[in-house]
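Colleague:
Protein chains in written order, with the working numbering: chain A, 1 to 74; chain B, 75 to 558.
#1: Of the residues that make up the stretch 51–68 of chain A, which ones have a beta carbon closer than 7 Å to any beta carbon in chain B?
#2: Using the beta-carbon count (16 or more within 10 Å), is residue 121/B buried or exposed?
#3: Using beta carbons (cut-off 9 Å, strictly below), is residue 47/A in contact with chain B?
#4: Which residue comes first and which comes last in the alpha helix (DSSP H) that contains residue 305/B?
#5: Applying the 10 Å Cβ sphere with the 16-neighbour rule, what's the burial state of residue 170/B?
#6: So, under 8 Å CB-CB, residue 398/B and residue 219/B are touching, yes? Tell me the CB distance rounded to an integer number of Å.
#7: In whole angstroms, what separates the C-alpha of residue 131/B from that of residue 38/A?
#8: So, helix, strand or coil for residue 386/B, using DSSP?
#9: Residues of chain A with a CB under 7 Å from the CB of residue 342/B: which are they?
#10: Sorted by chain position, which residues of the same chain lie with C-beta nearer than 7 Å to residue 439/B's C-beta, five sequence neighbours on each side aside?
#11: Run through DSSP, which three-state label would residue 322/B get?
#12: Measure from the alpha carbon of residue 125/B to the alpha carbon of each residue in 445/B, 136/B and 150/B, then state which is nearest.
#13: Could you pull the start and end residues of the alpha helix (DSSP H) that residue 105/B belongs to?
#14: Given this structure, state the Cα-to-Cα distance separating residue 24/A from residue 495/B, to the nearest angstrom.
#15: Would you say residue 447/B lies against chain A (beta-carbon separation less than 9 Å)?
#16: What residues from chain B crowd round residue 21/A, counting only those whose CB sits closer than 7 Å?
#17: Checking contacts by CB at 9 Å: is residue 16/A closer than that to chain B?
#18: At the level of alpha carbons, what is the spacing between residue 216/B and residue 81/B?
#19: Run through DSSP, which three-state label would residue 279/B get?
#20: Quick one: give me the first and last residue of the alpha helix (DSSP H) that residue 41/A is part of.
#21: Given a threshold of 16 other Cβ atoms within 10 Å of its Cβ, counted over all protein chains shown, does residue 187/B qualify as buried or as exposed?
#22: For residue 69/A, is the classification buried or exposed, using 16 other Cβ atoms within 10 angstroms of its Cβ as the cut-off for buried?
#23: What does residue 26/A touch in chain B if you count any residue whose Cβ is under 8 Å from its own?
#24: Would residue 144/B count as contacting chain A if we go by Cβ distances under 9 Å?
#25: Do the stretch 221–233 of chain B and the stretch 299–314 of chain B meet, that is, are 3 or more Cβ pairs less than 8 Å apart?
#26: For residue 283/B, would you say it is in contact with chain A, using Cβ-to-Cβ distances shorter than 9 Å as the test?
#27: Work out the CA separation of residue 182/B and residue 390/B for me, nearest whole Å.
#28: In this structure, how does DSSP classify residue 32/A when only helix, strand and coil are distinguished?
#29: Using a beta-carbon distance below 9 Å, is residue 169/B in contact with chain A?
#30: Does the distance from the CB of residue 160/B to the CB of residue 315/B come in under 9 Å?
#31: Any C-beta of chain B sitting closer than 9 Å to the C-beta of residue 8/A?
#32: Mind pulling the chain B residues with CB within less than 7 Å of residue 34/A?
#33: Does the beta carbon of residue 162/B sit closer than 9 Å to a beta carbon anywhere in chain A?
#34: Closer than 8 Å, Cβ to Cβ, to anything on chain A: give me those residues from the stretch 469–500 of chain B, in chain order.
#35: For residue 175/B, I'd like the list of residues in its chain whose CB is within less than 7 Å of its CB, leaving aside the five on either flank, ordered along the chain.
#36: Is DSSP giving residue 13/A helix, strand or coil here?
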């Protein structure tokens, strides 16, 4: 289960990387929520990156590093 | 009034650095990596503050003035994903190896990982050469800001010197602990004051809707990516943040972490911090086209300071300018300390004949190098006239292209010192080639196709690493076992 979740999250990084290229908004001049849509999209992208990092920290953390640290401390 | 506020701010930062000296343990490890004792909040603030330079504050607004909202997509948005990912996969592992092998510099790691003195020396030279333009950004940014805010009463040369002297003092006194404390304070200052600047100026422009409407009427091309940025440029620009994997100053900050878990905060909150700083910078740069049309090239780097001066003169201008100073100094300190660390550990200590360098002597050498580096950088800043954004991009290009070296060191047991040599030399040769092709051309891309030079150099660096490693004898098992 852990390995599957970890792989899915790594895949999430790749998907998010691809979504960074917002070709569909390239020449769109609309103002949405008070901001140009091309800018708003990338602000949303930053929030999505935050969400993905929270998931990585909680579900794909390299726990072997913690173990090594505890061993050294002991 | 403005000048007094800025001087008070600089005095406050100085006090923080000097206060940290009371916790100084008198060892080289404490001076250069704070005895690996930095907690999550300080690590987040110091990693973020170090990475946000005059480039983010002045360079971003200057670039947004010319190219519009696309700047946000180009730089911070990609970095918000790529930089924490590098912290996750590389930073945490570097920290663990640093603790296990008592590493203090990046060069020490690569030298031991591939058991090669020559490789260590080559990397040392290449990384110092690439860091110099990055240092210049800070000193030039400080000079420009002070000259603008004081309407030329304090000339650019004096502003640059003031920044150098203040940072020199607190880095010398406080070492890495002083740097981390000052970084955390300054990062909070520029994040808060950046927001205040934004709301004050937008309010003076009649609100966000009104400001955007004015831009839409006069410069509609700034509110879309349009022809200002090509899709291929947006795609290839995402290679630039890979530079974070090879920055010596970030490598040193990784080593300061108290434990692997300390990285959790920087990982989770780094993207948010990026958005908080860059959104006001980019929007204010765009709004600068309303009040100050017709700025050309590097002149646009001062658009933010001009707007502060126009819309928020007096005490507020002093506070806001202090925010710009905070961003500048929080990077300059870590960069100078890391170079001083490299000179002390990788040159003086490593090549010294006879007795091991004492802890006290390491600190002394470190302080002497801090002074020497500031002197050289300051002199160079007086003769350089490049755009802050352009200088930064060339520096980032070199470090990003070296990224395969750290990846191979950490994840590829079969990589050899010859592969690493080939990779670094390829980067050096191609970087020089593209730099001389494009340094006079604003927005230069390979053959003006939209492809950033970093992509070509990075690809060549990967190929060189793989081919030369596979063609040469595998590294000794005993060496590999130490690092895997």
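Quick reminder that beta carbons are idealized off the backbone N, C-alpha and C, glycines included.
None of these values were measured; they are calculated from a predicted model.
Modeller: In terms of the structure at hand:
#1: Cβ contacts with chain B come from 53, 54, 56, 57, 62, 65, 66 and 68.
#2: For the purposes of this step, residue 121/B is taken as the residue at position 47 of the second chain. Classification for residue 121/B: buried.
#3: Sequence index remark: in the first chain, residue 47/A carries index 47 (1-based). Answer yes: the Cβ-Cβ gap between residue 47/A and chain B drops below 9 Å somewhere.
#4: Here the question's residue 305/B lines up with position 231 in the second chain. It spans 305–311 - the alpha helix (DSSP H) in which residue 305/B sits, taken as one unbroken run.
#5: What you label residue 170/B is simply residue 96 of the second chain in a count that begins at 1. Per the 10 Å Cβ criterion, buried.
#6: Locating residue 398/B in the second chain gives position 324, counting from the first residue. Locating residue 219/B in the second chain gives position 145, counting from the first residue. With 8 Å as the limit, residue 398/B and residue 219/B qualify as a contact, their Cβ atoms being about 5 Å apart.
#7: Locating residue 131/B in the second chain gives position 57, where the first residue counts as 1. Locating residue 38/A in the first chain gives position 38, where the first residue counts as 1. Note on geometry: alpha-carbon atoms of residue 131/B and residue 38/A lie some 20 Å from one another.
#8: Numbered from its first residue, the second chain carries residue 386/B at position 312. DSSP places residue 386/B in coil when its eight states are reduced to three.
#9: Locating residue 342/B in the second chain gives position 268, counting from the first residue. Residues of chain A passing the Cβ test: 50, 53, 54 and 57.
#10: Working through the second chain from its first residue, we reach residue 439/B at position 365. Here the set comprises 418 and 422.
#11: For the purposes of this step, residue 322/B is taken as the residue at position 248 of the second chain. Reduced to three states, the DSSP call for residue 322/B is helix.
#12: Residue 125/B sits at position 51 when you count from the first residue of the second chain. Checked all of 445/B, 136/B and 150/B; the closest Cα to residue 125/B is 150/B.
#13: To locate residue 105/B, count along the second chain from 1; it is residue 31. Its alpha helix (DSSP H) spans residues 102–107.
#14: The sequence position of residue 24/A within the first chain is 24, counting from 1. The sequence position of residue 495/B within the second chain is 421, counting from 1. Note on geometry: alpha-carbon atoms of residue 24/A and residue 495/B lie some 42 Å from one another.
#15: For the purposes of this step, residue 447/B is identified with residue 373 of the second chain, where counting begins at 1. For residue 447/B, the answer is no, since every Cβ of chain A falls outside 9 Å of its Cβ.
#16: Residue mapping note: residue 21/A aligns to position 21 of the first chain, counting from 1. The contacting residues are 305, 308 and 309.
#17: Position 16 of the first chain, counting from 1, holds the residue named residue 16/A. Yes, because at least one Cβ of chain B sits closer than 9 Å to the Cβ of residue 16/A.
#18: Locating residue 216/B in the second chain gives position 142, where the first residue counts as 1. Locating residue 81/B in the second chain gives position 7, where the first residue counts as 1. Approximately 13 Å between the Cα atoms of the pair.
#19: Start at 1 with the first residue of the second chain, and residue 279/B comes out as number 205. The three-state reading of DSSP puts residue 279/B in coil, since its state is none of H, G, I, E or B.
#20: As a working note, residue 41/A is residue 41 in the first chain. Residues 37–59.
#21: Here residue 187/B refers to the residue found at position 113 when the second chain is read from its first residue. Per the 10 Å Cβ criterion, buried.
#22: Residue mapping note: residue 69/A aligns to position 69 of the first chain, counting from 1. With 16 or more other Cβ atoms within 10 Å, it is buried.
#23: On the first chain, position 26 is the one that residue 26/A refers to. Residues of chain B passing the Cβ test: 298, 299, 300 and 305.
#24: The residue labelled residue 144/B in the question sits at position 70 within the second chain. Closer than 9 Å: yes.
#25: Two segments are said to touch when three or more pairs of C-beta atoms, one from each, lie closer than 8 Å; by this definition the stretch 221–233 of chain B does not touch the stretch 299–314 of chain B.
#26: For the purposes of this step, residue 283/B is taken as residue 209 along the second chain, with counting starting at 1. At least one chain A Cβ lies under 9 Å of residue 283/B.
#27: Position 316 of the second chain holds residue 390/B. Position 108 of the second chain holds residue 182/B. Rounded to whole angstroms, residue 390/B to residue 182/B spans 46 Å at the Cα level.
#28: The count along the first chain starts at 1 and reaches residue 32/A at position 32. Here residue 32/A carries a strand assignment [DSSP, helix/strand/coil].
#29: Numbered from its first residue, the second chain carries residue 169/B at position 95. Yes, because at least one Cβ of chain A sits closer than 9 Å to the Cβ of residue 169/B.
#30: As a position in the second chain, residue 160/B is number 86, starting the count at 1. As a position in the second chain, residue 315/B is number 241, starting the count at 1. Contact: yes.
#31: For the purposes of this step, residue 8/A is identified with residue 8 of the first chain, where counting begins at 1. The beta carbon of residue 8/A does not come within 9 Å of any beta carbon belonging to chain B, so the residue lies off that interface.
#32: For the purposes of this step, residue 34/A is taken as residue 34 along the first chain, with counting starting at 1. Per Cβ cutoff of 7 Å: 282 and 283.
#33: Within the second chain, residue 162/B is the residue found at index 88, counting from 1. Taking Cβ atoms only, chain A reaches closer than 9 Å to residue 162/B, which makes this a yes.
#34: Listed by position along the chain: nothing, the set is empty.
#35: Along the second chain, read from residue 1 onward, the residue named residue 175/B stands at position 101. So the list reads 186, once near-sequence residues are dropped.
#36: For the purposes of this step, residue 13/A is identified with residue 13 of the first chain, where counting begins at 1. In this structure, DSSP gives residue 13/A a helical state, which the three-state scheme calls helix.
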